[in-house]
Amino acid sequence: MSADALPGGATDPRAAAASSFTISFAGFNRAWAAWIGDRLEQRGHRVSYQRWDLAPDELIEDRLQDLALAPGLVLIVFSEWYFHLGPRTQEEWNAALRAVVVPNLSRFAAVSLTTASVPSAAAVLEPVSLINMGASDAERRILERLDLPYEQPPDGFRGRSGPRFPGALPEVWGGVPRRNIRFTGRESRLNDVYHLLQDSEPGTGVLTLHGMSGAGKTQLASEYVYRFGSEYDMVWWVNAEKRVTYRRELAELAPRLGLHTGAEYGERLRAVRDALRRGEPFSRWLLILDGADEPDQIWDLVPTGPGHVLITSRNPEWMDHNSKLLEVPVYTRGESVAFIRRRAPRLTEAEADRLAEALEDLPLLLSQTAGWLNDSDLSVENYIALLEDGLDQDVVKVSADFPLAFQTAWSILLNKLRETVPESVDLLRLCTFFMPGSIPVRLLREMPHDNLPEQLTGLLEDPLLWHKALNQLRQYSVIRMEPDEVGDATLYMHRMVHQIVNYDMPDDDRLEFMEVAHRALVAADPRRPEDTRLWHGYAEIVPHLEPSNVLKSVDPAARLLVLNCLQYMYLSGEYHAGIKLGERALQVWRAQLGEDHPRVWELTRHYANLLRAVGDYQRTEAIEREAVERLRQQRGEQDRDYLSAATGLASDLWGLARYAEALELTERTFTTYHDLLGANDPNTLNARNNVALSLRLLGRFEESVQIDRETMNARRLLQKGHDALFSEVSYAIGQRLLGHYRDAESVQAKNVREYRIVMGPDNPQTLRAEHNLALCLYNTGDPERAGKLLEHALERGERVMGETHPWTLLFATGQSCFARAQGNIDQAQEIDQFVVARYEAMLPAGHPFIAGVRANHALTLQSTGETDRAHAAIEQSLIHMTAAVGENHPWTLGCAINASALRNAAGDREAAAALSADTVSRSTEALGPTHPLTLSARVAHAADLRGLKDRHQAEKIEQETVTALVSTAGKQHPQTISAHARKRPYWDFEPQAT
């Protein structure tokens, strides 16, 4: 379009103001306005924005007059929302356009985002359509409409990060509900959300939308996604009502981010959180946690990083978990009226106002009521009269726990549904036995349909009736349907609807529908919880166990489902949720079956495994001890269930550091298995392995290694596979603890290669084998390879098992000691603090692991020059370790070596020499004169004697020690070289995996 002369000789203002534009848009189309403005700004033009939002009492003509005063050319973004805001009739629009735009045509231009009918007078703006085209074509058409050349932006703008083309989704997009095309109002709240998130510092972009049920929190979050999603490279929506569901849905993000992980949800989840924290591959990410009403359940899994987290919740306690809060109230009256008139166009503004007042401006209730009222012959006055008259015998009763307006309005709606499509009420009631928020209706369609209640048989077997019922519920906003990633449908029901339908269901229907829900869940059981490929199925089932009340089912298949789910939760790392489920199941099953039923014992074993996984050894010890005593009295010590419970009790005793008691129990269990099943039965060999571990924990390394060697050889001959590999690791650990480093390395290196083939590179057992190989390599003088393996084991351990798993803490302890030895004191201190805090939280006071990691931390403090703090810390560790395991245990002897060094550093040389001398004596008695710990104690004692000026005796001890080291370890061994150089040795505490 060329510049034309205007009446009276004026020039077209486009020619004079070609570098200034004002974009007028409905809030619904903000993403388009931002993208168009960015295209213009990249070419050096000035752009301002004016959101079009008519108040109910505002004239279109007045607003258009104000718009005409804006700087430069006004570009209007046409859409249904632009013309319907208010709402106003097309006649009103035509009159205003003719009065304001036509006389000032050179001041306006337009683009169109709609194929719907628009006011006829809008054609004068010659809008160009941007529908169904790519970014480059859309940009070209906009520039042509504005008489601007289509050329590349200046160099300074090329490649810069700007709004994404609204027709293209972010690179990663998942779980987001369909856009609510009837979304109304909330403009100030949307702007608040935007600025609270955008103005956050990296790592603090967490915002919780909180408010009462039905206030529209989810709808507000969804609208934010659609309006501002073009500013993100990743948008991921998860259902956060239950921890298990949240973990699964967040873990499913891993492959979308290109993360290379195993199939376990725990590993994927940790990889996702790490990637979001680092901002790789995307720093502009948005995560939405919908329905997170229990912060205590998931706050520890909320990612941090450069992106944003948007939470919807009824619970304002998110403020205690580093989240900003923004309340979502009910609609303002103007918003209510505008929404009702869009949802029910037949109502006048006055009628909409009266209806909004009667329904207390609650968005959920307005949506449900206005939808069916528009299709009904009932007048607003008569409907309000029904509300005011309350409930009668012909209206479905609802709970008094809900607001009065909701009670009565919902009863009217239910009766409307029952009159039109009664099957929709049956479907609604059935769905209340699944978790609100997301109900996989596929489970209902795929279950066996024989022997179903009569009213459900037709519904589930007749596709036409099924879709008719769904459509009726969807039409009145009772539910919404969303396709999932595999093409099936998931039904979303608001928790407020879920509660009110379930609360007053007739008892007969309740029992029948509950049984149907049980059957659907049982039919969906994959039956193999140990198979990671089937974990998606269990993750889908677990959230529905509680609302379906399946724990109370007497069906054996339903009980097996519960046991399978508990095993899945244990294997997948969902420990805390599994513990809660196990507690409830035990309470119900004991009442139903009695304390001594086999299923109750099996359930007890799963429950104890879950508790043990989180380090709650005191509770598991009480549970297993009770089981052991009852089974011994009832069945005797040769019963298989008794032996299984005794093995579990031994594990608890290891965790509680009651090693002597554990040895007695494991020896007795081994003897019984040996007498019952023979020396080479797998159960006997497992029991024999447990005896060796008890001995190793007691510091009786020679005896432990002998048993490990015999068990390893037997398993190699008889079993091969995993058990033989496990024995090889145990044997290699024992050899290393005896100081036979080369032999240990030889066995462990071969074992690691086989573990990687048999179990895979990221299996926890493989990582444990790699960790031991790293320690072998370090002790044979190969710190470079050792460091790489230690770092890899810790990194993969955190992903596969979680950073608080006992084995991960073992890996972390090794990494900390290595970092300190290599001079990376900051890393050592950071890991030390975490490990100490975790052990203090997990283990009872006085546990040797706590004393041991505190002893390690004392050495780190010494490395930072904090000698006084280090000295105090090591003395406390020595006292506590002695109390925990005795004065002759290797761990106590190691603490004493470190304590003598820090006494010397603190200037107390006589006390240092006395302690190191005593340590040499006790270590020689406990471990022998040539054990590495004894030789370290001798080197330390020589250093203390030098401090006392007794050089003659010091040199004598040094010469004897170096000679012994050359004989046992070799002339070039690091310990030999250090002793020859008179470098004082230190001892690193190493927790043992149990």
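To get this note's numbering, take the position in the sequence shown, counting from 1, and add 89.
The beta-carbon is built from N, C-alpha and C at its ideal position, and this holds for glycine as well.
Quick caveat, the model's predicted, so the values are computed rather than measured.
* To do: For residue 272, name the three-state secondary structure that DSSP assigns.
  => coil
* **Through-space distance from residue 506 to residue 530, alpha-carbon basis** => 20 Å
* **Cβ distance (whole Å) where residue 858 is taken to contact residue 844 below 8 Å** => 5 Å
* Asked: What are the start and end residues of the beta strand (DSSP E) that includes residue 199?
  -> 197–201
* To do: Determine, using beta-carbon pairs with one atom in the segment 398–414 and one in the segment 343–360, whether at least three such pairs fall under 8 Å.
  => no
* Asked: Under 8 Å, do residue 979 and residue 745 count as touching if we go by C-beta distance?
  -> no
* Asked: Would you say residue 220 and residue 128 are within 8 Å of each other, going by their C-beta atoms?
  -> no
* Distance, residue 272 Cα to residue 430 Cα -> 12 Å
* With residue 734 and residue 716 assumed to form a contact (beta carbons below 8 Å), what rounded beta-carbon distance in angstroms separates them? -> 4 Å
* To do: Keeping to the same chain, check which residues put their C-beta closer than 7 Å to that of residue 602; ignore five residues upstream and five downstream.
  => 518, 519 and 522
* Asked: What's the call for residue 585, buried or exposed, on a 16-neighbour Cβ count within 10 Å?
  -> buried
* Measure the CB-CB distance between residue 459 and residue 427 and report whether it falls below 8 Å. => no
* Asked: With which residues is residue 296 paired in a DSSP beta bridge?
  -> 399 and 413
* Asked: Can the beta-carbon of residue 568 be found closer than 8 Å to that of residue 553?
  -> no
* To do: Reducing DSSP to helix, strand and coil, say where residue 239 ends up.
  => coil
* Can you give the Cα-Cα distance for residue 139 and residue 158, rounded to whole angstroms? -> 12 Å
* **Whole-angstrom C-beta distance between residue 121 and residue 166, which should lie under 8 Å** => 6 Å
* To do: Within the same chain, show all residues whose beta-carbon is closer than 7 Å to that of residue 949, passing over the 5 residues directly before and after it, in chain order.
  => 909, 914, 917, 918 and 921
* Burial state of residue 178 (16 or more Cβ within 10 Å) -> exposed
* **Delimiting residues of the alpha helix (DSSP H) encompassing residue 743** => 729–744
* **Option nearest residue 414 by Cα separation, candidates 443, 299, 440 and 372** => 299
* Opposite residue 263 in the DSSP bridges: which residues? -> 325
* Asked: On the premise that residue 693 lies in contact with residue 712, defined as a C-beta separation below 8 Å, what is that separation, rounded to the nearest angstrom?
  -> 6 Å
* Quick one: what does DSSP say residue 287 is sitting in, helix, strand or coil? -> helix
* To do: Please say whether residue 679 and residue 653 have beta carbons closer to each other than 8 Å?
  => no
* **8 Å Cβ cutoff met for residue 818 and residue 852** => no
* To do: Using the Cα positions of residue 515 and residue 305, report the straight-line distance between them to the nearest angstrom.
  => 26 Å
* Asked: DSSP state of residue 381, grouped into three classes?
  -> coil
* **Own chain partners of residue 172 with C-beta closer than 7 Å, once the 5 adjacent residues on each side are dropped** => 182, 207 and 208
* N-terminal and C-terminal residue of the beta strand (DSSP E) that residue 317 is part of -> No beta strand (DSSP E) holds residue 317; the alpha helix (DSSP H) holding it covers 306–317.
* Taking the runs of the alpha helix (DSSP H) that are 4 residues or longer, which of them lie wholly in the segment 836–921? -> 853–868, 872–889 and 895–910
* Is residue 1063 closer than 8 Å to residue 1123 when the C-beta atoms are compared? -> It is not possible to answer for residue 1123, since the shown part of the chain is limited to 90 through 1083.
* According to the neighbour-count rule (16 or more other Cβ atoms, all chains shown, within 10 Å of its Cβ), is residue 394 buried or exposed? -> buried
* Asked: What number of angstroms, rounded off, separates the C-alpha of residue 576 from the C-alpha of residue 255?
  -> Confidence at residue 576 is low in this model, with a pLDDT of 45, below 50, so the placement of that residue should be treated as unreliable; the coordinate-derived value is given next. The straight-line gap from Cα to Cα measures roughly 24 Å.
* Applying the criterion that 16 or more other CB atoms from any shown protein chain within 10 Å of the CB defines a buried residue, is residue 882 buried or exposed? -> buried
* Asked: Going by other Cβ atoms of all chains shown within 10 Å of its Cβ, with 16 needed for buried, is residue 890 buried or exposed?
  -> buried
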